[in-house]
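A quick write-up on the structure given underneath.
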Amino acid sequence: VVDVAVQDYVADVASELIYQNKSQISTEILFVFPLSPHITIYSFQARSEDAKVQAMLRDEAQQLHKATGGWENLEYLQDQSEYAGEVFACFLGTLSPGREVVVTLRYVQELPREPDGAAHFVLPPTLHPYTKLYGRVFALPSAMFLLAASNCLTSKLPYSLLLTASLQSPRGVANVQANFTLTPLIYTAQDRSAAQVSLAGSPPRHHDLELLVYFGDPTAVSAVVEKGDPEAPPGSLLGDPMVLVTLAPSIPEAVPGQRQSGEFIFLLDTTFLGHGQVPPQSRDQDGDSLLFLLKSLPLGCYFNIYCYGETSVGIYPQSVEYTQDNLAEAMRRIPSTGSSLGDTNLLGTLRSIYNTPRPHGHTRQLFIFMAALPPDKEAIAAEVCRHRNSHRCFSFCFSKDSAALATALARETGGEATYVSSDNSMTVVVLQCLKQALKPAAEGVSLSWALPHGLEVEVLGGTPQFIFQGQHSLLYARIHGQAQDATVAKGVMTLQYSLDGQDVTHTIEFPLCPQGDG
5 VVDVAVQDYV ADVASELIYQ NKSQISTEIL FVFPLSPHIT IYSFQARSED AKVQAMLRDE
65 AQQLHKATGG WENLEYLQDQ SEYAGEVFAC FLGTLSPGRE VVVTLRYVQE LPREPDGAAH
125 FVLPPTLHPY TKLYGRVFAL PSAMFLLAAS NCLTSKLPYS LLLTASLQSP RGVANVQANF
185 TLTPLIYTAQ DRSAAQVSLA GSPPRHHDLE LLVYFGDPTA VSAVVEKGDP EAPPGSLLGD
245 PMVLVTLAPS IPEAVPGQRQ SGEFIFLLDT TFLGHGQVPP QSRDQDGDSL LFLLKSLPLG
305 CYFNIYCYGE TSVGIYPQSV EYTQDNLAEA MRRIPSTGSS LGDTNLLGTL RSIYNTPRPH
365 GHTRQLFIFM AALPPDKEAI AAEVCRHRNS HRCFSFCFSK DSAALATALA RETGGEATYV
425 SSDNSMTVVV LQCLKQALKP AAEGVSLSWA LPHGLEVEVL GGTPQFIFQG QHSLLYARIH
485 GQAQDATVAK GVMTLQYSLD GQDVTHTIEF PLCPQGDG
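The sequence shown stops at residue 522 when you use my numbering, and every number in between is there.
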């Protein structure tokens with residue numbers, strides 16, 4: 005049973021899953037929920053006739069202690085089950101023949117915004133395990149663990165699914181589309197700000213369940229308030245109200261022939277320059293691909309190239325204007341000698357770039373080429389995260405062990421990551437990313453707030469300095485304090501940015517006290 009609540013570009017999902025042991029022997033149970041990007045679990049409970057397991061949501065500031073029991077089994081599971089990225093996992097004990105365990109899982113998820121403004125929701129495979137991966141039983145080193153309900157290779161799904169979606173937006177719910185059969189859209193508010201649909205009949209057997217939710221007229225900025233947890237200490241992260249802010253400015257296409265801005269910085273692992281563990285096919289292409297990429301930059305932009313290995317070398321002390329002479333000089337200076345993979349100094353290169361001022365009026369974008377996984381991957385990810393509001397990363401990795409880091413750097417900054425294998429052309433891949441990088445952007449993004457006296461707001465993680473065409477940004481703001489006048493129930497937020505040199509301002513009001521359960 006799955007209940008999905010979509011409010012603008014966030015989904016709150018509550019699910020109840022019932023697993024039955026239909027074998028003739030007792031089986032130890034491991035529940036696994038792969039975590040795709042932008043999903044956070046906030047409630048988990050599993051109960052059987054013999055036991056109950058419940059997870060606790062803790063404030064980030066509290067000291068946490070990792071459980072180590074069975075950790076080797078979990079690592080083995082990740083290696084053998086082809087799960088990509090992080091997983092939520094919990095050992096649930098032993099289930100006797102004929103018995104069942106009931107899992108209650110709740111999570112919240114940021115939803116991607118389609119180019120036409122729709123919120124895109126996909127039901128995770130754990131809640132619709134139609135593929136054989138979720139029907140396999142894994143033989144782990146110490147025991148047998150049942151991963152999911154069954155083998156789904158038969159003509160009929162061996163489980164039932166009840167799916168309901170509640171849709172809400174102050175802009176109104178305009179329409180909903182799905183790749184499965186839906187019941188008619190029913191509005192639950194007179195102003196059409198809330199509606200509901202459900203799965204009609206049985207779910208499809210061969211693909212994920214996807215929803216596209218369309219709201220009323222798109223706005224550049226919207227805000228939704230969530231009440232604080234009354235059981236949490238006042239003034240704590242969980243106890244304070246939170247505001248979800250969606251920034252989605254309308255950015256027109258660039259005018260052909262118009263002088264384009266932007267700072268493009270290329271970070272080249274020296275092993276990428278024809279050495280080390282780069283695939284032979286890519287090694288043959290890399291010089292030509294880099295030259296082709298550099299020649300595709302627009303006039304009027306700024307660029308620089310860093311070659312990192314045992315030390316970091318910038319072709320120029322800081323980015324220079326893109327001209328034919330500067331490009332020729334840069335290509336002449338690129339070193340052609342390799343370096344030890346163990347001494348790859350990507351972290352130092354990034355710090356050097358972040359300490360270099362960005363040309364005024366130019367958005368900063370990094371193109372990072374990684375031949376192998378750097379040894380200080382956690383520090384690299386943390387450094388990029390600290391500066392995520394001031395730039396965007398496009399990551400290219402040539403080894404599978406560096407794919408996770410490349411994905412993390414791109415995800416934190418709103419860029420893209422690509423694994424360059426022998427099967428895909430590096431030139432095509434790089435030019436596809438460059439096409440994204442050349443899209444126009446809203447620059448100088450800032451937010452200002454007007455709240456009742458006694459209240460203050462803190463934007464967690466800061467505000468991005470720019471937003472590119474076709475993208476949106478979700479921010480979380482924490483409201484502190486106590487309002488001196490309880491009759492003032494609204495706040496005002498103003499978004500400002502620059503578009504083609506013109507200042508743009510959007511102002512909205514939002515209620516401080518949400519309706520219903522908040």
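Note that beta-carbon positions come from the ideal geometry of N, C-alpha and C, so glycine has one too.
* Can you name, in chain order, every residue of its own chain whose Cβ lies under 6 angstroms from the Cβ of Leu409, other than the five neighbours on each side? -> The count along the sequence shown starts at 1 and reaches residue 409 at position 405. Closer than 6 angstroms at the Cβ level, and outside the excluded window around Leu409, lie Lys381.
* To do: Mark His395 as exposed unless 16 or more other C-beta atoms lie within 10 angstroms of its C-beta, in which case mark it buried.
  => Here residue 395 is taken as the residue at index 391 of the sequence shown, counted from 1. Label assigned to His395: buried.
* Exposed unless 16 or more other CB atoms sit within 10 angstroms - verdict on Thr511 -> Position 507 of the sequence shown, counting from 1, holds the residue named residue 511. By the 10 Å Cβ count, Thr511 comes out exposed.
* Asked: Is there contact between the stretch 264 to 272 and the stretch 361 to 374, where contact requires at least three CB pairs shorter than 8 angstroms?
  -> yes
* **Sufficient close CB pairs (3 or more, under 8 angstroms) joining the stretch 43 to 59 to the stretch 99 to 107** => yes
* To do: Answer yes or no: do Leu213 and Val201 have a C-beta to C-beta separation smaller than 7 angstroms?
  => Counting from one through the sequence shown, the residue named residue 213 turns up at place 209. Counting from one through the sequence shown, the residue named residue 201 turns up at place 197. No, the pair does not count as a contact, with Cβ atoms beyond the cut-off.
* Which stretch, first to last residue, makes up the alpha helix (DSSP H) that contains Tyr480? -> The sequence position of residue 480 within the sequence shown is 476, counting from 1. Counting along the chain, Tyr480 falls outside any alpha helix (DSSP H), though it belongs to the beta strand (DSSP E) covering Ser477 to Gly485.
* Asked: When you compare only the Cα positions, how much space is there between Gln486 and Leu451?
  -> Along the sequence shown, one-based indexing puts residue 486 at 482. Along the sequence shown, one-based indexing puts residue 451 at 447. Going by the C-alpha atoms only, they are around 22 angstroms apart.
* Could you tell me whether the stretch 414 to 423 touches the stretch 396 to 406, where touching means 3 or more Cβ pairs closer than 8 angstroms? => yes
* Starting from the C-beta of Val17, find all residues in its chain whose C-beta is less than 6 angstroms away, skip the five residues before and the five after it, and write them out in chain order. => As a working mapping, residue 17 is identified with position 13 in the sequence shown. Closer than 6 angstroms at Cβ, skipping near neighbours: Val8 and Tyr111.
* Is the Cβ-Cβ distance between Asn308 and Ser293 less than 7 angstroms? -> Residue mapping note: residue 308 aligns to position 304 of the sequence shown, counting from 1. Residue mapping note: residue 293 aligns to position 289 of the sequence shown, counting from 1. It is not a contact, given that the beta carbons lie outside the stated cut-off.
* Which residues does DSSP pair with Gln369 in a beta bridge? -> Residue numbering aside, residue 369 sits at position 365 when the sequence shown is read from its first letter. According to DSSP, Gln369 bridges with Phe268 and Arg396.
* Just reading off the alpha helix (DSSP H) that Gly352 is part of, what are its end residues? -> In the sequence shown, residue 352 corresponds to position 348, counting from 1. Where Gly352 is concerned, the enclosing alpha helix (DSSP H) stretches over Leu350 to Tyr358.
* Whole-angstrom distance between Gly448 and Lys494, CA atom to CA atom -> Position 490 of the sequence shown, counting from 1, holds the residue named residue 494. Position 444 of the sequence shown, counting from 1, holds the residue named residue 448. Lys494 and Gly448: Cα-Cα distance of roughly 26 angstroms.
* Segment limits, beta strand (DSSP E) that includes Asn308 -> The sequence position of residue 308 within the sequence shown is 304, counting from 1. Asn308 -> beta strand (DSSP E) spans Tyr306 to Tyr312.
* Asked: Considering Met430, what are the terminal residues of the alpha helix (DSSP H) in which it resides?
  -> Within the sequence shown, residue 430 is the residue found at index 426, counting from 1. Its alpha helix (DSSP H) spans residues Met430 to Ala441.
* Asked: Does the separation of the CB atoms of Leu413 and Val434 fall below 7 angstroms?
  -> Here residue 413 is taken as the residue at index 409 of the sequence shown, counted from 1. Here residue 434 is taken as the residue at index 430 of the sequence shown, counted from 1. It is not a contact, given that the beta carbons lie outside the stated cut-off.
* To do: Throw me the rounded Cβ distance for the Ile523 and Val247 pair, which I believe falls under 8 angstroms.
  => Because the chain spans 5 through 522 in this model, residue 523 falls outside it and cannot be assessed.
* Secondary structure, beta strand (DSSP E): runs of 3+ residues fully inside the stretch 180 to 268 -> 198 to 202, 214 to 219, 225 to 230 and 246 to 251
* Cutoff 8 angstroms; reference Lys299; Cβ partners in own chain excluding five residues on either side -> As a position in the sequence shown, residue 299 is number 295, starting the count at 1. Around Lys299: Leu331.
* Using alpha carbons as the reference points, say which of Asp221, Met497 and Leu478 lies closest to Leu251. => The residue labelled residue 251 in the question sits at position 247 within the sequence shown. It is Leu478.
* Asked: Are Val217 and Ala93 closer than 7 angstroms when you measure CB to CB?
  -> In the sequence shown, residue 217 corresponds to position 213, counting from 1. In the sequence shown, residue 93 corresponds to position 89, counting from 1. It is not a contact, given that the beta carbons lie outside the stated cut-off.
* Asked: Residues in its own chain within less than 7 angstroms of Pro116 by CB, not counting five upstream and five downstream?
  -> One-based indexing of the sequence shown puts residue 116 at position 112. Once the five neighbours on either side are set aside, the close Cβ partners of Pro116 are His124.
* Give the single residue among Glu460, Gln264, Glu20 and Tyr320 whose Cα lies nearest to the Cα of Leu131. => Position 127 of the sequence shown, counting from 1, holds the residue named residue 131. Measuring from the Cα of Leu131, the nearest candidate turns out to be Glu20.
* To do: Given a cut-off of 7 angstroms, decide if Ser27 and Thr98 are closer than it, judged by their beta-carbon atoms.
  => Position 94 of the sequence shown holds residue 98. Position 23 of the sequence shown holds residue 27. Not in contact: Thr98 and Ser27 (Cβ atoms no closer than 7 angstroms).
* **Bounding residues of the alpha helix (DSSP H) (the contiguous stretch that carries Val388)** => For the purposes of this step, residue 388 is identified with residue 384 of the sequence shown, where counting begins at 1. Unbroken alpha helix (DSSP H) run through Val388: Lys381 to Arg390.
* Asked: Run through DSSP, which three-state label would Pro38 get?
  -> Along the sequence shown, read from residue 1 onward, the residue named residue 38 stands at position 34. In the structure shown, Pro38 sits in a strand (DSSP, three-state: E or B).
* Taking Thr223 as the reference, which of Phe470, Gly121, Gln113 and Leu167 has the closest Cα? -> The residue given as residue 223 occupies position 219 in the sequence shown. Of Phe470, Gly121, Gln113 and Leu167, the residue nearest in Cα terms is Gly121.
* For Thr509 and Phe480, the rounded distance between their alpha carbons -> By 1-based counting over the sequence shown, the position of residue 480 is 476. By 1-based counting over the sequence shown, the position of residue 509 is 505. In the sequence under discussion, the amino acid at residue 480 is Tyr, which differs from the Phe named in the question. Rounded to whole angstroms, Tyr480 to Thr509 spans 20 angstroms at the Cα level.
* Answer with buried or exposed for Val10, where buried requires no fewer than 16 other C-beta atoms within 10 angstroms of its C-beta. => Counting from one through the sequence shown, the residue named residue 10 turns up at place 6. It is buried - the Cβ of Val10 has at least 16 other Cβ atoms within 10 Å.
* Asked: Which stretch, first to last residue, makes up the alpha helix (DSSP H) that contains Leu127?
  -> Position 123 of the sequence shown, counted from the start, is the residue given in the question as residue 127. Leu127 -> no alpha helix (DSSP H), and no H or E assigned at all.
* Coil, strand or helix - Arg336 by DSSP -> As a position in the sequence shown, residue 336 is number 332, starting the count at 1. Of the three classes helix, strand and coil, the one that applies to Arg336 here is helix, per DSSP.
* **Status (buried if at least 16 other CB within 10 Å, exposed otherwise) for Gln190** => Working through the sequence shown from its first residue, we reach residue 190 at position 186. It is worth fixing the name first, because residue 190 is Ile in this sequence and not Gln. So Ile190 counts as exposed.
* **Inter-residue Cα distance where the pair is Phe472 and Leu39** => In the sequence shown, residue 472 corresponds to position 468, counting from 1. In the sequence shown, residue 39 corresponds to position 35, counting from 1. Between Phe472 and Leu39, the C-alpha separation is close to 26 angstroms.
* Same chain, Cβ closer than 8 angstroms to Val14, neighbours up to 5 away in sequence not counted -> On the sequence shown, position 10 is the one that residue 14 refers to. So the qualifying residues of the chain are Val112, Gln113, Glu114, Leu115, Val228, Leu248 and Leu478.
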